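A.B. asks:
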Amino acid sequence: MKVFEQIARQRHWTEAETMVLDQVRRVADEVVAPNAGGFDETATFPRTSVDALNELALNAIFIPEAYGGSPVSYRLYLECVSVISEACASTGIIYATNYHAMGPVVDHGSEEQKARLLPRIAEGGIASLAITEPSAGSDATAMRTRFTPDGDEIVIDGGKTFITSGDVADLILLFGKWSEIDDDRAAITAVVLETDAPGFAAVRNERKMGHRASSATELSFSGCRIPRANLLGGPGDGLRLLLASLNKSRPSVAAHARGIARAAFADMVSYMNERSQSGRRIIEFQGNQFMIADLAADLAGLETWLDHVGALIDSGTEDIGVAASIAKMRASDLAMRMTTEAVQMHGGYGYCADYRVERLMRDAKITQIWEGTNQIHRQFIGRSFVAK
Ligand SMILES: Cc1cc2nc3c(=O)[nH]c(=O)nc-3n(C[C@H](O)[C@H](O)[C@H](O)COP(=O)(O)OP(=O)(O)OC[C@H]3O[C@@H](n4cnc5c(N)ncnc54)[C@H](O)[C@@H]3O)c2cc1C
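For the sequence shown, the residue numbers in this note's numbering are 4 to 391.
#1: Determine, using beta carbons only, whether Pro238 and Thr307 come nearer to each other than 8 angstroms.
#2: Helix, strand or coil for Arg284? Go by DSSP, reduced to three states.
#3: Using only CA atoms, which one of Trp181, Arg365, Ala31 lies nearest to Asp153?
#4: Buried or exposed for His15, please, with buried defined as at least 16 other CB atoms from any protein chain shown within 10 angstroms of its CB.
#5: Buried or exposed for Ser252, please, with buried defined as at least 16 other CB atoms from any protein chain shown within 10 angstroms of its CB.
#6: Does the beta-carbon of Ala133, which I'm using as the reference point, lie nearer than 7 angstroms to any heavy atom of ligand 1?
#7: With respect to 7 angstroms, is the separation between the Cβ of Lys5 and the closest non-hydrogen atom of ligand 1 below this value?
#8: Are Ala172 and Ile229 touching if we call contact CB-CB under 8 angstroms?
#9: Give the DSSP-derived three-state secondary structure of Arg473 in the structure shown.
#10: His311: beta carbon under 7 angstroms from a heavy atom of ligand 1?
#11: Does the region 218 to 232 come close enough to the region 274 to 285 to have 3 or more Cβ pairs within less than 8 angstroms?
#12: Identify every run of the alpha helix (DSSP H) within the region 137 to 185, keeping only runs that are complete inside it and at least 4 residues long; order them along the chain.
#13: How many Å lie between Ala264 and Ile384 at the Cα?
#14: Between Met271 and Ala345, is the Cβ-Cβ spacing less than 8 angstroms?
#15: Asp357: which of Ser217, Asp43, Leu246 sits nearest, CA to CA?
#16: Taking Ala200 as the reference, which of Asp322, Lys331, Asp186, Ile159 has the closest Cα?
#17: How is the alpha helix (DSSP H) around Gly324 delimited, first residue to last?
#18: Examine ligand 1 and report whether any of its heavy atoms sits within less than 7 angstroms of the Cβ of Gly241.
#19: Look at the alpha carbon of Gln116 and the alpha carbon of Ala69, and state the distance between them as a whole number of angstroms.
#20: Is the distance from the Cβ of Val30 to the Cβ of Thr51 below 8 angstroms?
#21: Does the region 137 to 148 come close enough to the region 79 to 99 that 3 or more CB-CB pairs lie under 8 angstroms?
#22: Please name the residue or residues paired with Arg395 in a DSSP beta bridge.
#23: Kindly examine ligand 1 and report whether one of its heavy atoms sits closer than 7 angstroms to the Cβ of Gly140.
#24: Can you tell me whether Arg359 is buried or exposed, with buried defined as 16 or more other CB within 10 angstroms of its CB?
#25: Can you list, in chain order, the residues of its chain with a C-beta nearer than 7 angstroms to that of Val53? Leave out the 5 residues immediately preceding and following it.
Here's what the structure looks like:
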């Protein structure tokens with residue numbers, strides 16, 4: 004593990020940042036990790052883990068001070084997501100989704116909206132980001148949820164599917180189409196829904212392969228009324244806001260996948276050093292060493308690439324779409340490979356729930372699918388090299 008200790012040492016954190024990280028690591032070790040298996044087994048929302056993160060006021064690290072926050076660098080936020088996700092991928096995605104949903108409000112909300120909405124999340128509220136619909140997945144522009152203006156209100160009709168934390172959220176950043184705009188793409192609009200709005204319902208939660216402690220919820224809007232004051236930007240600004248916010252949420256889902264990959268690597272190396280067959284520890288077989296070498300090299304590359312993307316965002320660089328896509332694609336593919344090999348190296352025990360790698364492999368799969376499938380990211384990255 005020396006090479007990873009070197010990478011960790013090379014990361015420069017200020018004293019204040021080190022304090023944040025130490026606290027997050029402590030809560031991850033003492034509360035989040037020990038409870039992860041139980042919440043997964045019973046598909047229960049990880050309340051004690053979320054409460055423990057809220058005791059650290061961890062949502063506040065992505066909210067400006069003026070609205071009750073205590074912001075840190077994006078690079079540090081990414082590290083926090085990885086530490087939590089290494090302990091429990093479900094808790095990690097619940098936490099990161101708070102940021103994915105509220106980041107666009109921080110970046111694009113009006114003063115009035117920020118002052119009214121953000122303190123609720125800074126204090127530990129839960130947020131969801133609702134884009135996907137049954138007929139609008141990879142092509143989000145096919146969404147049908149409709150926003151109809153009515154005086155100083157907006158009436159929402161339609162539905163969303165697979166929405167992380169949709170059944171427990173306080174606020175939902177919701178995308179739909181403005182009824183007065185005909186063009187399909189130009190009509191996309193964003194609003195913030197407060198979940199006590201009349202006409203809103205969380206219909207049901209999916210039964211999933213992994214991330215069982217985090218809900219993926221079907222939402223319905225039937226004549227649902229929200230104040231027009233909750234419109235983010237103007238009618239038709241949605242696609243611009245969506246693309247800008249994905250550039251920041253993709254490194255965050257990459258950091259989540261990195262957490263899963265780190266956990267699988269640690270468990271795999273530890274087990275391979277303990278388990279002996281034919282008179283040798285299984286890590287001593289050269290074929291297994293080659294496999295470990297490739298995975299270690301890729302994990303080391305991911306660690307430094309995510310630091311690079313975090314630093315790009317911290318420096319205010321705007322054109323980060325390809326860098327963010329590379330991070331998301333590489334991290335999630337690595338999480339899947341790493342967890343698959345970790346199960347393989349555990350032999351039959353890896354297939355059984357007594358070992359954490361069984362859960363990690365189930366948790367890893369979705370990281371290749373959400374936040375843009377990896378096919379979509381490959382197209383986007385590849386296309387960026389086509390000469391104009
Ligand atoms: C557990 C979970 C949590 C989720 N959380 C959220 C959430 O919080 N908010 C939210 O809005 N959504 C969420 N999603 C939805 C997720 O983002 C979508 O599932 C994802 O975008 C893919 O859409 P789809 O499932 O409709 O698949 P489809 O778009 O139908 O894709 C099916 C297959 O076709 C491929 N494909 C599609 N288009 C192309 C193309 N142009 N070229 C090549 N291949 C293509 C895809 O790569 C995929 O392999 C979640 C999903 C799950 C399962």
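Ideal Cβ placement from N, Cα and C applies to all residues, glycine included. All values derive from a computational prediction rather than experimental measurement.
C.D. replies: So, from the listed chains and residues:
#1: no
#2: strand
#3: Trp181
#4: exposed
#5: buried
#6: yes
#7: no
#8: no
#9: What is shown of the chain runs 4 to 391, which leaves residue 473 out entirely.
#10: no
#11: no
#12: none
#13: 23 angstroms
#14: yes
#15: Asp43
#16: Ile159
#17: 324 to 348
#18: no
#19: 12 angstroms
#20: no
#21: no
#22: The structure shown does not extend to residue 395, since the chain is modelled only from 4 to 391, so the question has no answer here.
#23: yes
#24: buried
#25: Thr94, Ile97
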